[in-house]
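For the sequence shown, the UniProt record's numbering begins at 1 and goes up steadily by one.
Note sheet for the following structure.
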Amino acid sequence: MACVLEAPLRMSVLSEVTASSRHYVDRLFDLDPQKVLQGVIDMKNAVIGNNKQKANLIVLGAVPRLLYLLQQETSSTELRTECAVVLGSLAMGTENNVKSLLDCHIIPALLQGLLSPDLKFIEACLRCLRTIFISPVTPEDLLYTDGTVISHLMALLSRSRYTQEYICQIFSHCCKGPDHQTILFNHGAVQNIAHLLVSTSYKVRMQALKCFSVLAFENPQVSMTLINVSVDGELLPQIFVKMLQRDKPIEMQLTSAKCLTSMCRAGAIRTDDPCIVLKTLPCLVRMCSKDRLLEERVEGAETLAYLIETDVELQRMASITDHLIVMLADYFKYPSSVSAITDIKRLDHDLKHAHELRQAAFKLYASLGANDEDIRKKIIETENMMDRIVNGLSESSIKVRLAAVRCLHSLSRSVQQLRTSFQDHAVWKPLMKVLQNAPNEILVVASSTLCNLLLEFSPSKEPILESGAIELLCSLTQSENLALRVNGIWALMNMAFQAEQKIKSDILRGLSTEQLFQLLSDSDVNVLMKTLGLLRNLLSTRPHIDHIMSTHGKQIMQAVTLILEGEHNIEVKEQTLCILANIADGTTAKELIMTNDDILQKIKYYMSHSNAKLQLAAMFCISNLIWNEEEGSQERQDKLRDMGIVDILHKLSQSSDPNLCDK
Numbered sequence: 001m002a003c004v005l006e007a008p009l010r011m012s013v014l015s016e017v018t019a020s021s022r023h024y025v026d027r028l029f030d031l032d033p034q035k036v037l038q039g040v041i042d043m044k045n046a047v048i049g050n051n052k053q054k055a056n057l058i059v060l061g062a063v064p065r066l067l068y069l070l071q072q073e074t075s076s077t078e079l080r081t082e083c084a085v086v087l088g089s090l091a092m093g094t095e096n097n098v099k100s101l102l103d104c105h106i107i108p109a110l111l112q113g114l115l116s117p118d119l120k121f122i123e124a125c126l127r128c129l130r131t132i133f134i135s136p137v138t139p140e141d142l143l144y145t146d147g148t149v150i151s152h153l154m155a156l157l158s159r160s161r162y163t164q165e166y167i168c169q170i171f172s173h174c175c176k177g178p179d180h181q182t183i184l185f186n187h188g189a190v191q192n193i194a195h196l197l198v199s200t201s202y203k204v205r206m207q208a209l210k211c212f213s214v215l216a217f218e219n220p221q222v223s224m225t226l227i228n229v230s231v232d233g234e235l236l237p238q239i240f241v242k243m244l245q246r247d248k249p250i251e252m253q254l255t256s257a258k259c260l261t262s263m264c265r266a267g268a269i270r271t272d273d274p275c276i277v278l279k280t281l282p283c284l285v286r287m288c289s290k291d292r293l294l295e296e297r298v299e300g301a302e303t304l305a306y307l308i309e310t311d312v313e314l315q316r317m318a319s320i321t322d323h324l325i326v327m328l329a330d331y332f333k334y335p336s337s338v339s340a341i342t343d344i345k346r347l348d349h350d351l352k353h354a355h356e357l358r359q360a361a362f363k364l365y366a367s368l369g370a371n372d373e374d375i376r377k378k379i380i381e382t383e384n385m386m387d388r389i390v391n392g393l394s395e396s397s398i399k400v401r402l403a404a405v406r407c408l409h410s411l412s413r414s415v416q417q418l419r420t421s422f423q424d425h426a427v428w429k430p431l432m433k434v435l436q437n438a439p440n441e442i443l444v445v446a447s448s449t450l451c452n453l454l455l456e457f458s459p460s461k462e463p464i465l466e467s468g469a470i471e472l473l474c475s476l477t478q479s480e481n482l483a484l485r486v487n488g489i490w491a492l493m494n495m496a497f498q499a500e501q502k503i504k505s506d507i508l509r510g511l512s513t514e515q516l517f518q519l520l521s522d523s524d525v526n527v528l529m530k531t532l533g534l535l536r537n538l539l540s541t542r543p544h545i546d547h548i549m550s551t552h553g554k555q556i557m558q559a560v561t562l563i564l565e566g567e568h569n570i571e572v573k574e575q576t577l578c579i580l581a582n583i584a585d586g587t588t589a590k591e592l593i594m595t596n597d598d599i600l601q602k603i604k605y606y607m608s609h610s611n612a613k614l615q616l617a618a619m620f621c622i623s624n625l626i627w628n629e630e631e632g633s634q635e636r637q638d639k640l641r642d643m644g645i646v647d648i649l650h651k652l653s654q655s656s657d658p659n660l661c662d663k
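Here's what the structure looks like:
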């Protein structure tokens, strides 16, 4: 019998709950303003910490009525303030609550409320706005739709410590990317917020600091401005350094380290400045230690990775600070079954976010190993490192996969490791799998890594070829994404270096003549140079040159003509002349040059060019055409003599350039 009763019982409980909530909403419509006020106050007390009650009141339509009362000129200031408090409390519930509030156009109503002269009401509106804007479901752009809002918020900063705290918090959450940074910067954010760093309120100092960390991130304009701003006779970088000290709360240390990191990366502070070397870097390494909370370790490692990413001295320094390389290995073991975490809630949170630790560790390893061979060796020798990277390549989290590929790319710059660890762990297999279907940001790094694995000394080159890499790389050269086109052609260039004739033929077949021309007329000089590099590698060793020119000679000569006639830089023309010199080295292929008067005239023109590199390259062509031991050399020499090549050679033998003179 109990089973039969269960469903109706649940229904009645639900309707009872809703019914018990209904009287709160009904009281909002009372004709007596005093009763309405008391109803709002009772509602405020009922919803504090009670998500179910919040949801019920939203379902019953409390929000539109509260917003109506908040906007009514006839409502007392006390009533309007209490309405803002209740709305703020509802916003602190679930994301669905925030969505419901946004659907009722709460933001314009609250922004309108900021025009009131009453400070308590302004603070309540700001507190509610803060709660809504820090929710992930709120679009940041809602803050910037009306140009006057930011100016008004800047003006309200001086009203009280609460307006300072909430406005800074709104700014730091709604500043996403360069457009937002520029708007805030142009409205005087730096000048208006700087003095808050020395406020007596910790919360205000902290929110102001967070503001600067998002304003300065990847923004040279803001960073260069911050360097010269002073508060009470002290420059901002000095204030940030004070906030880094060990006796300050961790949150403050981390955020000021982020400010200094952004300023350093933007070039406002030198990488060898003591505030970076002796303060910021050691502080960030400290954040990576075992006794820090998960989110502190993640933020510490990611910020450190960004700080040292492009500077080899900082990479070396970080690698020998507090055994960082070994310390990062713990990021992969956390939280373990024997974790010392006694707080169940914390353990549950950390299990859900453990992938963020792995991502941060991969990022930092990638930065550490970017340049120095000894550091790469230490990283790879860290326990199970290659296995961890291989596992990372197939994780479900796209961010972990990207960070693992970045780490692999960084380590693949090592000749030694390509020959040993990369081969032992058959890293190419999971890498090829990643390349099959991944978003562009992963494809770019993965294809860069593949370029390194295809270098001639890499043992992975053979198996990669056998696994269908040519087809994959040829398809990358057709991508609309520039970086992918460059990497596709670069990898093919590496693949063609000293390769067998079959591989070269497969590459040409896979690319197709049409695609080759497409790449040679690409607007990006990088794509063009790599394509010419590929052609040069394809046209090496005589039998290969003759074979390829017998099947593709007409098209290749067309391409060469096209480039030598085009508006291209010296490097492009030099590379093209080197391709001609390779063709001239063929046994039968050289006839394609000798029977093409247009090309011969171009070689002659470049022998007299003002640039010595082009003159040298043109002379290589001539030298290969007239080689005495080869059949038909006499006829070729006669033809070139008739063209006036000998006169040019006489002139060049008097050149002040020793290379030209010798040649």
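C-beta: ideal position from N, C-alpha, C; glycine also.
Source: prediction; values computed, not measured.
*Helix, strand or coil: how does DSSP classify Met-11 here?*
Low local confidence applies: a pLDDT of 40 at Met-11 is under 50, so the model's placement there is unreliable, with the coordinate-based value given in what follows. DSSP places Met-11 in helix when its eight states are reduced to three.
_Cα-Cα separation, Ile-325 to Gly-510_ = Distance between the alpha carbons of Ile-325 and Gly-510 is about 43 Å.
*Taking all protein chains shown into account, decide if Pro-430 is buried (16 or more other Cβ within 10 angstroms of its Cβ) or exposed.*
Buried, by the Cβ-count rule.
*Pairwise C-alpha distance: Cys-83 and Gln-72*: Taking the straight line joining both Cα atoms gives about 11 Å.
*Go ahead and label Thr-261 buried or exposed: buried means 16 or more other beta carbons lie within 10 angstroms of its beta carbon, across all protein chains shown.*
Result: buried.
_Secondary structure of Leu-235, DSSP reduced to three states_ = In the three-state reduction of the DSSP assignment, Leu-235 falls in the strand class.
_Does the structure place the segment 50-59 close enough to the segment 84-99 that three or more beta carbon pairs sit under 8 Å?_
Yes, the segment 84-99 touches the segment 50-59.
*Tell me whether Leu-119 is buried or exposed, calling it buried when 16 or more other Cβ atoms sit within 10 Å of its Cβ.*
With fewer than 16 Cβ atoms within 10 Å of its Cβ, Leu-119 is classed as exposed.
*Between the beta-carbon of Gly-39 and the beta-carbon of Leu-70, is there less than 8 Å?*
In this structure, Leu-70 does not lie closer than 8 Å to Gly-39 by Cβ.
*asked:* Which runs of the alpha helix (DSSP H) at least 4 residues long sit entirely within the segment 333-392? Give them in chain order.
replied: Uninterrupted alpha helix (DSSP H) stretches at least 4 residues long and entirely within the segment 333-392 occur at 344-368, 373-381, 385-392, given in chain order.
*asked:* Let me make sure I understand the geometry here. Which of Tyr-331, Leu-184, Phe-212 has the alpha-carbon closest to that of Leu-196?
replied: For the set Tyr-331, Leu-184, Phe-212, the Cα lying nearest the Cα of Leu-196 is the one of Phe-212.
*For Ser-230, does the three-state DSSP call read helix, strand or coil?*
Three-state result, Ser-230: strand.
_Rounded Cβ spacing between Leu-450 and Leu-435 (contact assumed at less than 8 Å)_ = With a contact defined as Cβ atoms closer than 8 Å, Leu-450 and Leu-435 qualify at about 7 Å.
*Look at the alpha carbon of Ser-21 and the alpha carbon of Gly-88, and state the distance between them as a whole number of angstroms.*
One alpha carbon belongs to Ser-21, the other to Gly-88, and they sit about 18 Å apart.
*Give me the Cα-Cα distance between His-152 and Ser-223, rounded to the nearest whole angstrom.*
Roughly 25 Å separates the two Cα atoms.
*Under 8 Å Cβ to Cβ from Leu-37, same chain only, skipping five residues before and after it: list those, please.*
Excluding sequence neighbours, Leu-37 sits near Ser-76, Glu-78, Leu-79, Glu-82.
*asked:* Which residue marks the beginning of the alpha helix (DSSP H) containing Ala-589, and which one marks its end?
replied: Ala-589 -> no alpha helix (DSSP H), and no H or E assigned at all.
*Do Leu-143 and Val-137 have their C-beta atoms within less than 8 Å of each other?*
Here Leu-143 is not near Val-137, since their CB atoms are 8 Å or more apart.
_Distance between Gln-634 and Ile-626 (C-alpha atoms, nearest Å)_ = Near 8 Å, if we compare the C-alpha coordinates of Gln-634 and Ile-626.
*Can you tell me which of the three DSSP states Glu-456 falls into?*
For Glu-456, the three-state secondary structure derived from DSSP is coil.
*In angstroms with no decimal places, state the Cα-to-Cα distance between Met-493 and Asp-424.*
For Met-493 and Asp-424, the distance between alpha carbons rounds to 25 Å.
*asked:* Assuming Val-527 and Arg-485 are in contact, meaning their beta carbons sit under 8 Å apart, how far apart are those beta carbons, in whole angstroms?
replied: Contact between Val-527 and Arg-485 holds: their C-beta atoms lie close to 5 Å from each other, under 8 Å.
*Where does Phe-497 fall in DSSP's three states?*
Of the three classes helix, strand and coil, the one that applies to Phe-497 here is coil, per DSSP.
*Starting from Phe-517, trace the alpha helix (DSSP H) both ways and give me its first and last residue.*
Counting along the chain, the alpha helix (DSSP H) containing Phe-517 begins and ends at 513-520.
*Roughly how many whole angstroms lie between the Cα atoms of Pro-220 and Leu-184?*
When rounded, the distance between both Cα atoms is 15 Å.
*How about the segment 350-359 and the segment 371-381: do they share at least three Cβ pairs that are nearer than 8 Å?*
No, they do not touch.
*Could you check the C-alpha separation between Ile-250 and Cys-104 for me, to the nearest Å?*
Spanning the two alpha carbons is a distance of roughly 39 Å.
*By Cβ distance, which residues of its chain are closer than 8 Å to Met-594, with the 5 residues on each side in sequence left out?*
Cβ neighbours of Met-594 beyond the five flanking positions: Leu-600, Leu-625, Arg-636, Lys-639.
_Straight-line Cα distance separating Lys-433 from Asp-642_ = Taking the straight line from one Cα to the other gives about 59 Å.
*Count the other CB atoms within 10 Å of the CB of Leu-14; is the residue buried (16 or more) or exposed (fewer)?*
Low confidence applies to Leu-14: its pLDDT is 45, below 50, so where it sits in the model is not reliable enough to give any reading.
*Any idea what DSSP makes of Arg-159, helix, strand or coil?*
It is coil, neither helix nor strand.
_Taking the beta carbon of Gly-632 as the centre, do at least 16 other beta carbons fall within 10 Å, making it buried, or is it exposed?_
Exposed.
*Is Leu-184 helix, strand or coil by DSSP?*
Note: Leu-184 maps to helix in three-state DSSP.
*In three-state terms, what does DSSP make of Arg-246?*
Here Arg-246 sits in coil by DSSP.
_Closest Cα partner of Ala-189 within the set Tyr-202, Gln-164, Val-572, Ser-199_ = Checking every option, the nearest Cα to that of Ala-189 belongs to Gln-164.
*Can you tell me which of Lys-176, Phe-171, Leu-157 puts its alpha carbon nearest to the alpha carbon of Ser-199?*
When the alpha-carbon of Ser-199 is set against those of Lys-176, Phe-171, Leu-157, the nearest one is in Leu-157.
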